[in-house]
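Asker: Sharing a structure below in structure tokens format, with a few things to ask.
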Amino acid sequence: MTITATSPVRYSPRPQATQRPMGPRTRFPYHAALEAARHDVSIVYGPRTLGPTAIRQDKQALTGLLHRWVRVRAVWDEEALSSPHVESYLSWQAGSGIQIRTAERTEVTFALLDSRTSVVVQPTANTNGLDGAVTVSECSETTGMLHYLFHDLWENASPRRTCAHAPDDRQALDVLLLLARGYTDEQIAASLGVSKRTVSRAVTRMMQELNAQSRFEAGALAARRGWLKSIDTAARPKPGRP
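If you're matching positions, the sequence shown starts at 159 in the numbering used here and goes up one per residue.
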């Protein structure tokens, strides 16, 4: 009798959720998980009011996503909007191009990354609603369930009317308009009849205001916020060529 040894059959397990424990860190695990997004992020903020630390870290994480042109949508629980600093943060979100809606009850804080990965926060007893253990899952059933939950919340939530206002400085808006078209400082100065130094100061100021990394990005972000819609572009002379 001949005995033939065979290798054991290996089964590929279903995607399992992984839990990232809390520990010494410089930021919340939730924000570290958001870095995996490439195209779009859908966020639901639960009823816990965010403290200053949570807001600061959340703003930093979302700024990184926006700089990579990741689309961000957010549903906020109305119960979480009880403090002035949260209201101010919502104004920043809206002004940065994030689509915002509010709902009466959201129950849980979670995010969907590219409709493939779910990130669920299990908050601790403190008031920072984003501080806690994070469960990251690529399970299609879990992600699909949260996708439908977000879609239902989004469809029944109220659009947020808060938005950042354009600066009153008309010259700065003219500079931003030409930046959005890709013109240089010399071309902008020739078009507006001002010195190159004046243009440089305006550009620096607007880049700081918009938290932009480049001149072109400043113009693009201004257009994204709707700041340039009020400018009668037809009446603007074409910049002179250097």
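Yeah, the Cβ is synthetic: ideal placement off N, Cα and C, and Gly gets one too. All values reported here derive from a predicted model rather than from experimental measurement.
So, for residue 212: in the same chain, excluding its five sequence neighbours on each side, which residues have a beta-carbon less than 8 Å away from its beta-carbon?
Answerer: Taken in chain order, the residues that qualify are 186, 286, 287, 288, 289.
Asker: Going by other Cβ atoms of all chains shown within 10 Å of its Cβ, with 16 needed for buried, is residue 375 buried or exposed?
Answerer: Classification of residue 375: buried, given that the 10 Å Cβ count is 16 or more.
Asker: Quick test of your reading: residue 191 and residue 294, contact by CB under 8 Å. State the CB separation rounded to the nearest angstrom.
Answerer: Residue 191 to residue 294, Cβ: 5 Å. Contact.
Asker: Would you list the one or two residues that DSSP bridges to residue 198?
Answerer: 229, per the DSSP bridge assignment.
Asker: Taking residue 374 as part of the alpha helix (DSSP H), name the residues at either end of that continuous run.
Answerer: Its alpha helix (DSSP H) spans residues 373-382.
Asker: How big is the Cα-Cα spacing for residue 108 and residue 305?
Answerer: As shown, the chain starts at 159 and ends at 400. That puts residue 108 outside it, with no answer to give.
Asker: Here's a check: name, in chain order, each residue in its chain whose Cβ is nearer than 7 Å to the Cβ of residue 206, leaving out the five neighbours to either side.
Answerer: Closer than 7 Å at Cβ, skipping near neighbours: 238, 281, 285, 287.
Asker: Let's test the definition: count the other Cβ atoms within 10 Å of the Cβ of residue 194 and tell me whether it reaches 16, buried, or not, exposed.
Answerer: Exposed.
Asker: Three-state secondary structure (DSSP) at residue 385?
Answerer: In this structure, residue 385 counts as coil in the three-state DSSP scheme.
Asker: By a C-beta neighbour count over all protein chains shown, 10 Å radius and 16 as the cutoff for buried, is residue 402 buried or exposed?
Answerer: For residue 402 there is no data in the structure shown, the boundaries of the chain being 159 and 400.
Asker: Quick check on residue 302: buried or exposed, where buried means 16 or more other Cβ atoms within 10 Å of its Cβ?
Answerer: The residue is exposed, with fewer than 16 neighbouring Cβ atoms inside 10 Å.
Asker: Please state the DSSP three-state secondary structure of residue 306.
Answerer: Residue 306: helix per DSSP, three-state reduction.
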